[in-house]
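Reviewing the structure listed below.
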Amino acid sequence: MAANRTWGFFFMVKLLSLCLIFRLTGSQSPPAYWNAAHATFYGDMNGTETMMGACGYGDLIKQGYGLETTALSTSLFNNGLTCGACFEIRCYDSVQWCLNDTIIVTATNFCPPNYSKPEGNWCNPPLQHFDLSQPMFRKIAVYRAGIVPVLYRRVPCVKSGGVKFKINGNQYWILILVYNVAGAGDVVDVEIKGSSTSWIQMSRNWGQNWQTSANLIGQSLSFQVTTSDGKMVQSDDVAPADWKFGGVYEGKQF
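Under mature numbering (1 follows the signal peptide of the UniProt record, and there is no 0), read the sequence shown as residues -27 to -1, 1 to 227, first letter to last.
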């Protein structure tokens, strides 16, 4: 009798353990693989502190990103190459702090490492960490938690309208901010063409700002934009011949 009780006890423990593992790995069996990370938040509910940032974007509200944004730790930021990518995130493994919701955010900023403290440096490599806008954090976790474990995966970006090109610089140097990119979201290559030139390879300056020293003033401008999944979209004559520095022009979308 005692042996039967002991066997029954261990069977129940094993069953409960399996149920717990199933719960933590996600009972919805998502088609894509989920990765483990942690998430915090920065800024207030208005998101003022999330504007601008290391990806080179400006007013995130006007540019269509809203407050559905995140800063990435060093290992995820990839020196700015991940700017514009979209992530689905949900809190897990914390009954006390997790809320039953998921969010989709765009990478728009960098969470810098801190080597001055022995612990609590969530954005130091090789840790994978999301520093969310406060409104996004509060959708998946209780505010007082401060930091929570999360599961995340890359998802396609859904944007309204076409890819946007903001032209900055001067007569000797052109800097193009590429934003509002759907699909993979993160741009890995940009080429530009004037109405009197062939295609010119641009180089990435920082974030999603791409540069060339070619003199293209007085020419209409076309662009080829390639994202990390290898897809390329060509937008012809996006900017007219009388384009202006500071102007924003809209091309085709992925």
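All C-beta atoms in this analysis are idealised placements derived from N, C-alpha and C, irrespective of residue type, glycine included. Here the structure is a predicted model, which means the values were calculated and not measured.
Margin query: Within 10 Å of its beta-carbon, does Lys225 have 16 or more other beta-carbons around it, so buried, or fewer, so exposed?
Written below: exposed
Item checked: beta-carbon Asn97 near the ligand GTP non-hydrogen atom, thresh 7 Å -> In the structure shown, the ligand GTP is absent, as is every other ligand, since no ligand is present at all.
Next item on the list: Starting from the Cα of Ile77, find the closest Cα among Asp162, Gly57 and Lys90 and give me that residue.
Entry: Gly57
Notebook entry, point to check: Is there contact between the region 109 to 123 and the region 171 to 182, where contact requires at least three CB pairs shorter than 8 Å?
Noted result: no
Notebook entry, point to check: Taking Cβ to Cβ, would you say Asp104 is nearer than 8 Å to Thr200?
Noted result: Against a cut-off of 8 Å, the Cβ pair of Thr200 and Asp104 comes out as no contact.
Margin query: Quick check: the Cα distance between Val221 and Trp95, rounded to an integer number of angstroms?
Written below: A direct Cα-to-Cα measurement between Val221 and Trp95 gives close to 36 Å.
Check: Just the Cα atoms here: how many angstroms apart are Trp7 and Asn143?
Finding: 44 Å
Check: Just the Cα atoms here: how many angstroms apart are Pro4 and Val128?
Finding: Interpretation of Pro4 is limited by its pLDDT of 38, a score under 50 that renders its predicted location unreliable; the figure taken from the coordinates is listed afterwards. Going by the C-alpha atoms only, they are around 11 Å apart.
Check: Is DSSP giving Pro3 helix, strand or coil here?
Finding: Any answer about Pro3 is weak, because its pLDDT of 40 lies below 50 and its placement is not dependable; what the coordinates show is given next. DSSP places Pro3 in coil when its eight states are reduced to three.
Check: How should Gly20 be labelled, buried or exposed, when 16 other C-beta atoms within 10 angstroms of its C-beta is the threshold for buried?
Finding: buried
Notebook entry, point to check: So, is Ser176 buried or exposed, given that buried needs 16 or more other C-beta atoms within 10 angstroms?
Noted result: exposed
Checklist line | Inter-residue spacing [alpha-carbon to alpha-carbon] between Leu(-4) and Asn141 | finding: Only weak support is given to the placement of Leu(-4): the predicted model assigns it a pLDDT of 40, under 50, and the value that follows is read from those uncertain coordinates. In a straight line, the C-alpha of Leu(-4) is about 47 Å away from that of Asn141.
Notebook entry, point to check: Applying the criterion that 16 or more other CB atoms from any shown protein chain within 10 Å of the CB defines a buried residue, is Val198 buried or exposed?
Noted result: Residue environment analysis places Val198 among the buried positions, since at least 16 neighbouring C-beta atoms fall within 10 angstroms of its C-beta.
Notebook entry, point to check: What runs of the beta strand (DSSP E), each 3 residues or longer, lie entirely inside the region 129 to 171?
Noted result: 137 to 143, 146 to 152 and 160 to 167
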